[in-house]
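Take a look at the structure below.
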Amino acid sequence: MTTASTPAIPTPHLSSPPALGPERAVAWPRRTVRTLSNGMQVVLAETHTFPKISAQLFFRSGNAAVAHRAPGLAEMTATVVRTGTVSRPSRRIEEDLRRMGADLGSHAGADTTAISASGLAEFSEGLLELVADLARNASFPAEEFERERRQKIESLRVERTTPGFLAGERLRRVLFGEHPYAIIAPTEEQVAAFKREQLEDFYRHHYSPANALLIIVGDFAADQMLAQAEKTFGNWKAPEPEVPPSPAPPHHSGRRVHLVHLPGSVQTQVLLGNLAITRRDPDWYRLVLANSIYGGAFHSRLVINIREQKGYTYSPRSSVNALRQYGYFSVHAAVRNEVAAATLTEMFYEMDRMRALPVTPEELDSARSYLSGVFSLGTATQDGLLGQLSTMYLDRLPDDYLETYREKIRALTADDVLAAARRHFDSANEQIVLVGDRAQIADQAALFGQVNEYDATGKSI
Amino acid sequence: MNLQPKKLHIPVEHTTLANGLRVVASPDRSAPFVTVGVYYQIGFRLEPRGRSGFAHLFEHMMFQGSENAGKMEHIRLINSSGGLLNGTTNYDITNYFEAVPSNALERVLWLEADRMRALKVDEENLRNQRDVVKEEVRVNVMNQPYGGFPWLDLPPVAFRNWPNAHNFYGDFSDLDAATLDDVRNFYHTYYSPNNAVLLMLGDLDPAEAFVLANRYFDDIPRGPAPPRADVSEPPQTEKRRGEVPEPFGTLPALAIGYTAPPRETPDWYALTVLDRVLHGGRAGRIYRQLVLEKQIAVETDGNFEAFDTNGPTQMVTRVFHRPEYSADATIAAFDEVINELREKGIAAEELEPVKVKFRSDYYSMLEGGMGSYMPRFGLMHYLACFTLFDGDPKRINTILDGFQAVTPAQVQAAAQKYLIPHNRAIVVRKPIAKGAAR
Chain A
1 MTTASTPAIP TPHLSSPPAL GPERAVAWPR RTVRTLSNGM QVVLAETHTF PKISAQLFFR
61 SGNAAVAHRA PGLAEMTATV VRTGTVSRPS RRIEEDLRRM GADLGSHAGA DTTAISASGL
121 AEFSEGLLEL VADLARNASF PAEEFERERR QKIESLRVER TTPGFLAGER LRRVLFGEHP
181 YAIIAPTEEQ VAAFKREQLE DFYRHHYSPA NALLIIVGDF AADQMLAQAE KTFGNWKAPE
241 PEVPPSPAPP HHSGRRVHLV HLPGSVQTQV LLGNLAITRR DPDWYRLVLA NSIYGGAFHS
301 RLVINIREQK GYTYSPRSSV NALRQYGYFS VHAAVRNEVA AATLTEMFYE MDRMRALPVT
361 PEELDSARSY LSGVFSLGTA TQDGLLGQLS TMYLDRLPDD YLETYREKIR ALTADDVLAA
421 ARRHFDSANE QIVLVGDRAQ IADQAALFGQ VNEYDATGKS I
Chain B
1 MNLQPKKLHI PVEHTTLANG LRVVASPDRS APFVTVGVYY QIGFRLEPRG RSGFAHLFEH
61 MMFQGSENAG KMEHIRLINS SGGLLNGTTN YDITNYFEAV PSNALERVLW LEADRMRALK
121 VDEENLRNQR DVVKEEVRVN VMNQPYGGFP WLDLPPVAFR NWPNAHNFYG DFSDLDAATL
181 DDVRNFYHTY YSPNNAVLLM LGDLDPAEAF VLANRYFDDI PRGPAPPRAD VSEPPQTEKR
241 RGEVPEPFGT LPALAIGYTA PPRETPDWYA LTVLDRVLHG GRAGRIYRQL VLEKQIAVET
301 DGNFEAFDTN GPTQMVTRVF HRPEYSADAT IAAFDEVINE LREKGIAAEE LEPVKVKFRS
361 DYYSMLEGGM GSYMPRFGLM HYLACFTLFD GDPKRINTIL DGFQAVTPAQ VQAAAQKYLI
421 PHNRAIVVRK PIAKGAAR
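See the structure below:
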């Protein structure tokens with residue numbers, strides 16, 4: 001057993017916390033950003049602490065790109081992509097992954113599709129080849145398609161018994177109306193109607209190098225990895241897809257309550273929100289800071305109020321959600337049924353307070369430090385760094401986004417927070433979603449505006 | 001790019017303070033952050049009888065204030081230093097951890113020492129956190145499809161000794177019965193320096209970190225050795241099966257748990273590898289057979305929490321199956337997978353990739369783990385377990401060898417010895433018919 005020297009320093013324990021020493025500068029990861037000969041964008045960042053790599057191949061088309069034709073088609077396509085290529089049947093793909101110590105995912109969100117792979121650095125070449133094989137040569141085997149489609153229907157049934165999912169689904173419907181962001185998941189009937197040819201069509205049009213962004217982080221030498229990327233993807237040619245324009249989301253005037261009836265609920269899922277801004281908006285940093293003080297962190301006003309003082313809930317939070325075309329602000333908490341109205345009252349109270357009065361210097365300072373520190377902590381793991389880089393390059397943020405984020409946050413004032421709260425915490429027009437047993441909460445819901453009721457499938461009741 | 005496998009070496013130094021607090025440091029100066037954890041060797045297995053859920057409720061109380069850092073101060077000081085914090089309650093350990101810019105290391109140590117030395121809580125805090133914990137149970141268990149499945153369902157069916165078999169999240173009546181005296185007793189019994197390990201990882205110099213540890217923790221008095229509870233299980237001689245109604249979810253589900261051998265025994269290594277043969281994603285035998293080939297199941301997963309438990313533990317499989325198949329038909333299909341392994345064993349060509357994946361997963365866990373929002377969470381977690389359970393944090397660099405050495409014959413032998421009907425428990429989650437929910 002190793003015993004290090006532990007000199008006895010007889011100091012009585014301090015009654016106040018030690019001051020922070022000088023901060024060591026964060027060395028932001030160097031990025032290698034290149035465009036391959038076929039127009040595909042590649043971003044590489046080396047990190048050598050663990051012998052692994054993590055890669056994501058993005059396509060800038062997701063479910064929103066085809067929502068007018070077939071909601072959920074991008075996700076269904078991504079699901080079936082991993083089940084076979086021209087040269088690899090499903091079982092071979094899974095065994096190849098295991099042989100390389102790798103995990104793989106393929107999913108689509110509203111704006112993007114991503115094939116994600118991570119594995120041991122010693123198998124980088126094979127892993128990249130597998131990702132390319134899925135992106136270029138997927139074969140959509142009929143049997144795999146049928147099985148995945150049936151599984152998707154079963155998992156949708158379960159999702160529509162999950163309060164958090166139901167609340168999110170309803171809020172997006174209300175906030176986005178006819179815009180494709182309104183739909184976060186298809187219906188069972190829509191999935192049942194998917195045809196294999198539709199998936200192939202989406203794949204052919206949207207999985208294209210001109211539409212792609214490849215990000216790789218991990219234990220490699222960037223020049224070698226770049227050469228590997230060119231070798232694996234460089235000869236891939238396909239045109240850029242066209243995405244139709246989308247109708248604008250509706251304007252909401254006045255609070256409305258949208259109650260999703262979930263029989264037998266022993267809790268109420270509260271979720272409210274309003275349209276806000278994207279990451280490219282000049283107000284973004286101000287709103288992030290205002291959100292952090294309102295309800296975005298453990299030490300925020302809302303958490304202290306309804307968790308630490310009143311004990312209504314375990315996990316209240318507010319968040320700013322940025323999609324490519326629009327963003328929205330939202331607040332959520334799962335609370336016992338008796339305090340659904342009381343919870344909303346406190347959510348609005350704290351929101352209105354943020355809009356009426358400047359935050360204190362202590363709150364401002366604390367929140368700025370919190371956001372600065374957590375931002376840099378977020379680059380300290382491969383997956384964290386990959387997430388930061390994907391935000392930066394998918395949203396086409398400035399090249400110095402990582403290096404300047406903290407100074408931009410630290411430069412903000414109490415007036416900035418007040419202005420952001422007034423502009424983007426739209427208290428008077430919040431759309432309120434409650435998921436719960438209507439017999440328990442309908443009376444409380446009615447205190448906050450006109451109530452529309454739905455069942456779990458989305459039908460008005 | 002033909003690359004050779006790299007052997008990872010994690011630098012680890014450790015010492016013990018005069019009061020019995022074990023201290024482990026693992027430097028990595030590549031980024032200016034530190035991850036700090038304090039692990040106490042007490043989990044929900046050893047909470048007092050009549051006080052189910054108490055270990056977890058107590059964990060909440062550790063955030064309610066100590067002598068020099070009042071309620072919310074702990075959280076405010078970490079957040080305003082640019083850091084994150086949390087705590088979790090497990091079978092045999094409870095942990096408190098922070099990830100902060102490295103200039104906040106001393107501040108974190110001061111806070112952790114303050115609550116190890118003098119927790120300061122009152123009736124109002126207890127009432128408040130009891131309410132919070134009830135909402136935690138509602139949101140995670142009572143109001144979720146498959147809530148608590150199977151981690152709360154299996155123990156009462158699988159085990160006979162109360163520490164292993166009770167409701168770890170807590171019956172509400174037991175939570176209501178908890179008093180401030182219970183909080184104080186629990187604290188004085190288990191939250192002493194000699195029942196804990198302090199871990200400091202990342203941007204630090206171990207010798208300096210040990211000096212700081214000594215400065216902040218040295219004057220906390222050693223406590224009496226915590227009582228050693230008997231957590232042993234009587235031998236199982238019969239089949240065990242239970243049923244739990246599923247109020248929300250639409251798919252029938254079942255969980256099958258096989259009781260594992262004690263940690264660090266040869267059989268434990270073999271069963272840990274065997275777990276990855278059966279589970280381990282879509283290439284695992286159970287998913288392949290039940291979901292991809294026979295298509296009886298919609299989803300399967302499973303795991304054996306080998307590293308962070310130190311008492312009776314099960315390797316558990318979860319199966320969500322199509323309603324047109326009965327539970328018994330599904331179990332029969334599962335048993336075919338098990339019997340094939342027991343009878344025919346496994347070829348080296350199948351086992352070798354499993355071990356490669358095992359190594360890869362181990363590195364991923366060390367780097368992040370638990371959602372990877374906290375750098376080196378897994379490294380901290382494993383160092384703590386190797387220190388508290390095995391007395392040697394340096395096992396972090398050698399334990400992989402034990403798994404890599406497991407042979408096909410050992411995997412088959414473990415299957416034959418442990419994957420038997422009288423060593424398992426089954427719980428069936430049966431959906432309540434639609435519209436019949438309470």
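Each protein sequence line maps, in turn, to chains A and B.
Each residue of the first sequence is one higher than the one before, counting from 1 in the numbering used here.
Each residue of the second sequence is one higher than the one before, counting from 1 in the numbering used here.
Backbone N, C-alpha and C fix where the C-beta goes; we use that ideal spot for every residue, glycine too.
At a Cβ threshold of 9 angstroms, is residue i touching chain B?
i: A:GLN440; result: no
i: A:VAL335; result: yes
i: A:LEU97; result: yes
i: A:ALA25; result: yes
i: A:MET354; result: no
Give a yes or no on whether the minimum CB-CB distance between residue i and chain A is below 9 angstroms.
i: B:LYS120; result: no
i: B:ARG130; result: yes
i: B:LYS430; result: no
i: B:ARG318; result: no
i: B:THR407; result: no
i: B:ASP203; result: yes
i: B:PHE248; result: yes
i: B:ASP390; result: no
Quick one: Cα of residue i to Cα of residue j, how far?
i: B:ARG76; j: B:LEU292; result: 49 angstroms
i: A:TRP28; j: A:ALA222; result: 16 angstroms
i: A:PHE462; j: A:SER315; result: One cannot answer for residue 462 of chain A here, as it falls past the ends of chain A, which runs 1 to 461.
i: B:MET72; j: B:PHE168; result: 26 angstroms
i: B:ALA207; j: B:PHE334; result: 53 angstroms
i: A:GLY234; j: A:GLU407; result: 38 angstroms
i: A:ALA439; j: B:PHE159; result: 39 angstroms
i: A:THR162; j: B:GLU136; result: 15 angstroms
i: B:TYR190; j: B:TYR418; result: 34 angstroms
i: A:SER116; j: A:LEU57; result: 6 angstroms
i: B:ASN2; j: B:ARG342; result: Residue placement at B:ASN2 is poorly supported in this model, since its pLDDT is 46, which falls under 50; the coordinates still yield a value, given next. So the two alpha carbons sit approximately 37 angstroms from each other.
i: B:VAL197; j: B:PRO11; result: 17 angstroms
Can the beta-carbon of residue i be found closer than 9 angstroms to that of residue j?
i: B:VAL428; j: B:ARG241; result: yes
i: A:LEU418; j: A:MET354; result: yes
i: B:THR300; j: B:TYR287; result: yes
i: A:LEU412; j: A:TYR285; result: yes
i: A:ALA45; j: A:ILE216; result: yes
i: B:ILE187; j: B:PHE44; result: Checking the sequence shown, residue 187 of chain B turns out to be Tyr, not Ile. Not in contact: B:TYR187 and B:PHE44 (Cβ atoms no closer than 9 angstroms).
i: B:VAL316; j: B:GLY249; result: no
i: B:GLY281; j: A:LEU97; result: yes
i: A:LEU394; j: A:THR379; result: no
Between which two residues does the alpha helix (DSSP H) carrying residue i extend?
i: B:GLU124; result: 123-137
i: B:MET441; result: Absent from the structure is residue 441 of chain B, since the part of chain B shown begins at 1 and ends at 438.
i: A:ALA97; result: The amino acid occupying residue 97 of chain A in the given sequence is Leu; Ala does not appear at that position. Unbroken alpha helix (DSSP H) run through A:LEU97: 90-99.
i: B:THR330; result: 327-344
i: A:LYS231; result: 222-233
i: A:PHE58; result: From DSSP, A:PHE58 is part of no alpha helix (DSSP H) but of the beta strand (DSSP E) over 52-59.
i: B:LYS430; result: That residue, B:LYS430, is in no alpha helix (DSSP H); its beta strand (DSSP E) goes 424-431.
i: A:PRO361; result: 361-377
Please report the residue range of the beta strand (DSSP E) in which residue i lies.
i: B:ASN164; result: First-last for B:ASN164: 162-165, but that is the alpha helix (DSSP H), not the beta strand (DSSP E).
i: B:ASN185; result: Where B:ASN185 is concerned, there is no enclosing beta strand (DSSP E), although the alpha helix (DSSP H) it sits in stretches over 180-190.
i: B:GLU13; result: 13-16
Under 8 angstroms: does the beta carbon of residue i sit that close to some heavy atom of the ligand PLP?
i: A:TRP236; result: Judged by which ligands are present, the structure shown has none, so any question about the ligand PLP falls away.
Check: Are the segment 65-76 of chain A and the segment 85-99 of chain A in contact at 8 angstroms, needing three or more beta carbon pairs?
Finding: no
Checklist line | the segment 79-87 of chain B / the segment 362-377 of chain A touching (three or more Cβ pairs under 8 angstroms) | finding: yes
Margin query: I'd like to know if the segment 445-455 of chain A and the segment 343-354 of chain B are in contact, where contact means that at least 3 CB-CB pairs between them fall below 8 angstroms.
Written below: Contact between the segment 445-455 of chain A and the segment 343-354 of chain B is absent, with fewer than three C-beta pairs closer than 8 angstroms.
Check: For the 8 angstroms Cβ check, are there 3 or more pairs between the segment 32-42 of chain B and the segment 99-118 of chain B?
Finding: yes
Next item on the list: Examine the Cβ distances between the segment 191-200 of chain A and the segment 343-354 of chain A and report whether three or more of them are shorter than 8 angstroms.
Entry: no
Next item on the list: Decide if the segment 138-147 of chain A is in contact with the segment 118-125 of chain B; the criterion is three or more beta carbon pairs, one per stretch, under 8 angstroms apart.
Entry: no
Item checked: Meets three-Cβ-pair contact criterion under 8 angstroms: the segment 52-66 of chain B and the segment 87-106 of chain B -> yes
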